[in-house]
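Each remark here refers to the structure printed beneath this line.
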Amino acid sequence: MTTRLHTIVAMVENRPGVLNKIASKWRQRGFNIESLTVGPSETAGLSRMTFTVDGAAHDIEQVTKQLYKIIEVVKISDITAEAAVARELALIKVSASKENRSAIVEIVDIFRANIIDVGTDSMVVEVTGTEDKVDAIVAMLKPYGLKELVRTGRVAMVRGSAATVSAPTENGAYHRYRSAGEGKAKVGTLI
Amino acid sequence: MTKINGAEIILESLRREGVEVVFGYPGGANLPLYDALKKYPDIRHILVRHEQSAAHAADAYARVTGKAGVCWATSGPGATNLVTGIANAWMDSVPLVCITGAVVSWLLGRDGFQESDITGITIPITKHNVLVLNVEDIAPAIAEAFHIATTGRPGPVLIDIPRDLQQQVAEFEYPEKIELAGYQPTTQGHPQQIKKAAQLIAEAEKPLILAGHGVVIARAAEELREVAEKTDIPVITTLLGIGGFPGSHELNMGMPGMHGMYWNNMAIQDADLLIAIGMRFDDRVTGALKDFAPHAKVVHIDIDPAEISKNVKAAVPIVGDVKNVLQQLIPQLKPAKHTAWRRWIADVRAKHPSITIPETDKLIPQYVIKKIYELSGPDAWYATGVGQHQMWAAQYFWGDHPYSFVTSGGLGTMGFEVPAAIGVQVARPHDTVWSFCGDGGFQMTLQELALCTEYELPVKFAIINNNYLGMVRQWQDLYYGGNKESVRMFQPDFVKLAESMGITGVRVSDKALVASTIEAALQHPGAVVIDFQVEDIENCYPMMPPGASLSDTIDQPKVQEPEFAR
Numbered sequence: 001m002t003t004r005l006h007t008i009v010a011m012v013e014n015r016p017g018v019l020n021k022i023a024s025k026w027r028q029r030g031f032n033i034e035s036l037t038v039g040p041s042e043t044a045g046l047s048r049m050t051f052t053v054d055g056a057a058h059d060i061e062q063v064t065k066q067l068y069k070i071i072e073v074v075k076i077s078d079i080t081a082e083a084a085v086a087r088e089l090a091l092i093k094v095s096a097s098k099e100n101r102s103a104i105v106e107i108v109d110i111f112r113a114n115i116i117d118v119g120t121d122s123m124v125v126e127v128t129g130t131e132d133k134v135d136a137i138v139a140m141l142k143p144y145g146l147k148e149l150v151r152t153g154r155v156a157m158v159r160g161s162a163a164t165v166s167a168p169t170e171n172g173a174y175h176r177y178r179s180a181g182e183g184k185a186k187v188g189t190l191i
Numbered sequence: 001m002t003k004i005n006g007a008e009i010i011l012e013s014l015r016r017e018g019v020e021v022v023f024g025y026p027g028g029a030n031l032p033l034y035d036a037l038k039k040y041p042d043i044r045h046i047l048v049r050h051e052q053s054a055a056h057a058a059d060a061y062a063r064v065t066g067k068a069g070v071c072w073a074t075s076g077p078g079a080t081n082l083v084t085g086i087a088n089a090w091m092d093s094v095p096l097v098c099i100t101g102a103v104v105s106w107l108l109g110r111d112g113f114q115e116s117d118i119t120g121i122t123i124p125i126t127k128h129n130v131l132v133l134n135v136e137d138i139a140p141a142i143a144e145a146f147h148i149a150t151t152g153r154p155g156p157v158l159i160d161i162p163r164d165l166q167q168q169v170a171e172f173e174y175p176e177k178i179e180l181a182g183y184q185p186t187t188q189g190h191p192q193q194i195k196k197a198a199q200l201i202a203e204a205e206k207p208l209i210l211a212g213h214g215v216v217i218a219r220a221a222e223e224l225r226e227v228a229e230k231t232d233i234p235v236i237t238t239l240l241g242i243g244g245f246p247g248s249h250e251l252n253m254g255m256p257g258m259h260g261m262y263w264n265n266m267a268i269q270d271a272d273l274l275i276a277i278g279m280r281f282d283d284r285v286t287g288a289l290k291d292f293a294p295h296a297k298v299v300h301i302d303i304d305p306a307e308i309s310k311n312v313k314a315a316v317p318i319v320g321d322v323k324n325v326l327q328q329l330i331p332q333l334k335p336a337k338h339t340a341w342r343r344w345i346a347d348v349r350a351k352h353p354s355i356t357i358p359e360t361d362k363l364i365p366q367y368v369i370k371k372i373y374e375l376s377g378p379d380a381w382y383a384t385g386v387g388q389h390q391m392w393a394a395q396y397f398w399g400d401h402p403y404s405f406v407t408s409g410g411l412g413t414m415g416f417e418v419p420a421a422i423g424v425q426v427a428r429p430h431d432t433v434w435s436f437c438g439d440g441g442f443q444m445t446l447q448e449l450a451l452c453t454e455y456e457l458p459v460k461f462a463i464i465n466n467n468y469l470g471m472v473r474q475w476q477d478l479y480y481g482g483n484k485e486s487v488r489m490f491q492p493d494f495v496k497l498a499e500s501m502g503i504t505g506v507r508v509s510d511k512a513l514v515a516s517t518i519e520a521a522l523q524h525p526g527a528v529v530i531d532f533q534v535e536d537i538e539n540c541y542p543m544m545p546p547g548a549s550l551s552d553t554i555d556q557p558k559v560q561e562p563e564f565a566r
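Here is the structure:
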């Protein structure tokens, strides 16, 4: 069966345990999540997740349906086939001596990346783009010595005015019950 | 408004939900709940002997009443003991609300005494679960739990409540209405899809209805009968669909699958249309998927969109509540007769009768089960365990009492029979309730017999005692060269054991005494344990070999088991 990398976007309640529930569904079917990003969405109380998962369309559809059954998953959508923009951000700490610093700067310029920190023997490069672009700059910088690499994983949005995933809201916010998820929780990290 | 404590909020919430019975067990983390219990005399508490049984009894109670079953336990081992029962309810889509006490909130995550991360543990086996962290959230969490457990595709919901929250006070405010953006089950079928289904049904020459648990859960037996009669389509009921269609109806074909009726398996392989109603094409029904129903289009009616095309591709999926969808479908159906098709099935049936009991003076298990059905009247209820006796109980159930067959299907939980029968009897105190027990499964939960004495529950336990873990033994004989390993065990004296629990015990090993013993048990006002000492080597047929297709079903073995089988 042919597999491909799928991009799945979900709106989920910002509550303890939600990430665990979602990860559990992927795990049960034996999927490996390639990348996952989570952060606040345009709606207070809801977080937006972007997954990339490699798999056959039928299997991914099955898990997506299962994920939608999680009560805290307000909306979920596989946008792989849709016209969308996708980006990833990476921070790359690369060894840089007085001698090769300008060569590195040149590479950074070509990729329209930024240098956001410089030390005596290293610098930190910030790059945004598709995974391919990030792969390319990483490959270019590797010969100088990669000290650290962190990548956010893909975030994605459907082009045009249509919403990628939308959730019903009240005055731009999403409420479950009064106190939940509003900072009163004593334990657990929010998703 | 006066404030009440968290424990009282729990009980007040249960009262609002119309809960009459809770199966539970006390411990450190739910003591406030027990302390408050006397203020709520309308909520009956049944003290089980092991928390697993609380979940199973609540599960069976839910199946019989159609309401959510409620069980609770303390933290740590109390909560983890519930896990098998929760998984059982999960696999069979049973509405269950489980309330566990958790360690005090400041000890959460610090390995406090009797702490278990029960919300973490039960994620894959609950429809929803939540760790409540504020006393004000208890009532809404319970309201949500009942809403989620009982609507859509039902399932278990677990609420974990730290002990200190049960002691804190708050104003009691119960939500009037639950609205969850992330949970809006589709209950009505799409009219376009209904139309397409009606069209396929009208065109089909060899149609079959496969009725599953969804028919029972949706209480749609009447609608199903109407559909079947109007279109003259034979109805096959899955293990959990039993009781969703009258057993004595001329269109009732019985069970399909691994130990189903031979004629059903052949009919499925020959059919040109399968109308799957509230069933999920379990592997025990389909056999090898690649060979399943090669000529059939599939109309799949289910409330859970994730079931559509999960195992078998649906030509016409209809997502919705079975009862609603059938009501929508009925006016669009054209009356039909499928005389030739039904004759075809009847011919297969005549050649391969599947469930004939051999003429013998020996006491064989099928005979016992059949006699119990014959003698118990039309209104009896039945709970089973798992294994050979369960399959025989399913094969020989041809009764009309709707929703009266309670069994562990998806999870296949041995030991279900004892607490499940207790749950049924609690729900139906004045009716006859039989528990078909395996001698293995009975020993997993027999501690609950004490409840029959304590709460005056007149359950009739029929131990189909072949002194083997029969189904495992059957597989060992058929597929492991007769290597009967770890299937025979020391048995207690079940009669004395029953008596020690304050219950009448009888042992029957003579075929001639079966009927009179059953009749005496039915007359007896209290619980009875009957130890039916049946033939030890009796295999369950028909049988579709594991991994094979429905076409490979063996109706009856041509030769007797080889001698090594003894």
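Going down the list, the sequences are from chains A and B.
Position 63 of the first sequence, counting from 1, maps to 63 under my numbering, and the rest follow consecutively.
Position 463 of the second sequence, counting from 1, maps to 463 under my numbering, and the rest follow consecutively.
Just so you know, even glycine gets a beta-carbon here, dropped at the ideal spot from N, CA and C.
Own chain, CB closer than 8 angstroms to B:SER105, minus 5 neighbours either side, in chain order: LEU133, PRO162, ASP164 and LEU165
Option nearest B:VAL21 by Cα separation, candidates B:ILE537, B:PRO358 and B:ALA57: B:ALA57
Taking the continuous alpha helix (DSSP H) assigned at B:ASP510, which residues delimit it? Careful: B:ASP510 lies outside any alpha helix (DSSP H) and carries neither H nor E.
Between A:SER166 and chain B, is the shortest Cβ-Cβ distance under 8 angstroms, so that the two count as touching? no
Spell out whether any CB of chain A is found under 8 angstroms from the CB atom of B:THR122. no
In chain B, which residues lie with their C-beta within 7 angstroms of the C-beta of A:ILE71? HIS128, ILE148, LEU180, GLY182 and TYR183
First and last residue of the alpha helix (DSSP H) that includes A:ILE33? Run containing A:ILE33: none in the alpha helix (DSSP H); it sits in the beta strand (DSSP E), 33-40.
According to DSSP, is A:GLY55 part of a helix, a strand, or is it coil? strand
Segment contact flag, the stretch 534-554 of chain B with the stretch 285-293 of chain B, C-beta cutoff 8 angstroms, min 3 pairs: yes
Measure the beta-carbon distance from B:LEU239 to B:GLY409 and round it to whole angstroms, keeping in mind my assumption that it falls under 8 angstroms. 5 angstroms
For the structure I just gave you, are there three or more beta carbon pairs, one from the stretch 149-157 of chain B and one from the stretch 81-91 of chain B, closer than 8 angstroms? yes
Could you say which of B:ILE4, B:ASP42 and B:ALA102 lies nearest to B:GLY28 if we only look at CA atoms? B:ALA102
Would you kindly report the start and end of the unbroken beta strand (DSSP E) that includes B:VAL227? Counting along the chain, B:VAL227 falls outside any beta strand (DSSP E), though it belongs to the alpha helix (DSSP H) covering 221-231.
For a test of the three-state rule: what should DSSP assign to B:SER435, helix, strand or coil? strand
I want to know whether the stretch 60-79 of chain A touches the stretch 97-105 of chain A - three or more CB-CB distances under 8 angstroms. no
Are the C-beta of A:VAL18 and some C-beta of chain B separated by less than 8 angstroms? no
Can you say whether B:VAL227 is buried or exposed, counting buried as having 16 or more other CB atoms within 10 angstroms of its CB? buried
Tell me whether A:ARG27 is buried or exposed, calling it buried when 16 or more other Cβ atoms sit within 10 Å of its Cβ. exposed
Where the beta strand (DSSP E) containing A:MET157 begins and where it ends: 155-158
Please confirm if B:THR407 has its CB atom under 8 angstroms from at least one CB of chain A. no
Apply the 10 Å Cβ neighbour rule to B:MET258 and answer buried if 16 or more other Cβ atoms are within range, or exposed otherwise. buried
Cβ-based neighbour list, A:ARG34, same chain, cut-off 7 angstroms, excluding 5 preceding and 5 following: According to the sequence provided, residue 34 of chain A is Glu. The question's Arg does not apply to it. Hits under 7 angstroms: LEU5, THR52, VAL53 and ASP54.
Enclosing beta strand (DSSP E) for B:THR65 [first to last residue]: First-last for B:THR65: 51-65, but that is the alpha helix (DSSP H), not the beta strand (DSSP E).
Considering only their Cβ atoms, is the gap separating B:THR74 from B:TYR25 smaller than 8 angstroms? yes
Please report whether the beta-carbon of A:THR7 lies at a distance below 8 angstroms from any beta-carbon of chain B. no
Tell me which residue opens and which closes the beta strand (DSSP E) that B:CYS71 is part of. 69-73
B:ASP42 (DSSP reduced to helix, strand or coil): coil
In chain order, what residues of the same chain lie with their CB nearer than 6 angstroms to the CB of B:TYR367, ignoring the 5 residues before and after it? ILE357
What first and last residue would you give for the beta strand (DSSP E) that runs through B:HIS300? 297-302
Closer than 7 angstroms, Cβ to Cβ, to anything on chain B: give me those residues from the stretch 40-65 of chain A, in chain order. GLN62 and LYS65
Just reading off the beta strand (DSSP E) that B:PHE23 is part of, what are its end residues? 21-24
Output needed in chain order: residues of the stretch 295-314 of chain B with a Cβ under 7 angstroms from some Cβ in chain A. PRO305, ALA306 and LYS310
My output table needs one value for A:ALA180: the three-state DSSP class, helix, strand or coil. Reliability fails at A:ALA180, whose pLDDT of 41 lies under 50, so the model's placement of it is uncertain and no value is given.
Pick helix, strand or coil for B:TRP344, following the three-state DSSP scheme. helix
State buried or exposed for B:PHE532, treating a residue as buried only when at least 16 other CB atoms are found within 10 Å of its CB. buried
So, are the CB atoms of B:ALA211 and B:GLY278 less than 8 angstroms apart? yes
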